[in-house]
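Asker:
Okay, structure coming up:
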């Protein structure tokens, strides 16, 4: 009889554990489905949240320019950048925070929470390099072209 009770108790515990796992799976599915729907409705909000989180992490390690939101880039192929001294210690996956107004770039490695390099950047402003339009009118010819005789 004691063996029968033990088997019944084991079945109840297994059933309770299975029910808890099922509830956990359903809850997780609901949570991630709602997150997915929010991202579909407003994808820029996710990008802004990621940018803010990255800026907060880097801001704990160094003083960042204020009044400007950086442009974020991720290094995909460090071999393409190997000839540029600024990227000599960079690895694939490192983040680059580019502050255009402050003219500063920061390489940050998320995996070990370290700043790899900081340096000035030169941004080409195309509005200053294009020549202004000429104020002089285009030359015109004063001679009239002969017209074909009428018949």
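Numbering (the working numbering), first residue to last: 10 to 160.
All C-beta atoms in this analysis are idealised placements derived from N, C-alpha and C, irrespective of residue type, glycine included.
Which runs of the beta strand (DSSP E) spanning at least 3 residues fall entirely within the stretch 42–109, listed in chain order?
Answerer: 80–83, 104–108
Asker: Return yes when the Cβ of residue 114 is within less than 8 angstroms of the Cβ of residue 105, no when it is not.
Answerer: yes
Asker: Would the beta-carbon of residue 83 fall within 8 angstroms of that of residue 102?
Answerer: yes
Asker: Quick one: Cα of residue 20 to Cα of residue 46, how far?
Answerer: 39 angstroms
Asker: Residue 114 by DSSP, collapsed to three states: which one?
Answerer: strand
Asker: Going by the DSSP bridge assignment, what does residue 33 pair with across the sheet?
Answerer: Residue 33 is not bridged to any residue.
Asker: Please determine, among 88, 108, 97, 94, the residue with the shortest C-alpha to C-alpha distance to residue 72.
Answerer: Proximity to residue 72 across 88, 108, 97, 94 peaks at 108, based on C-alpha coordinates.
Asker: Whole angstroms are fine: how far does the CA of residue 17 sit from the CA of residue 27?
Answerer: 15 angstroms
Asker: Identify which residue in 112, 123, 116 has its Cα closest to the Cα of residue 133.
Answerer: 112
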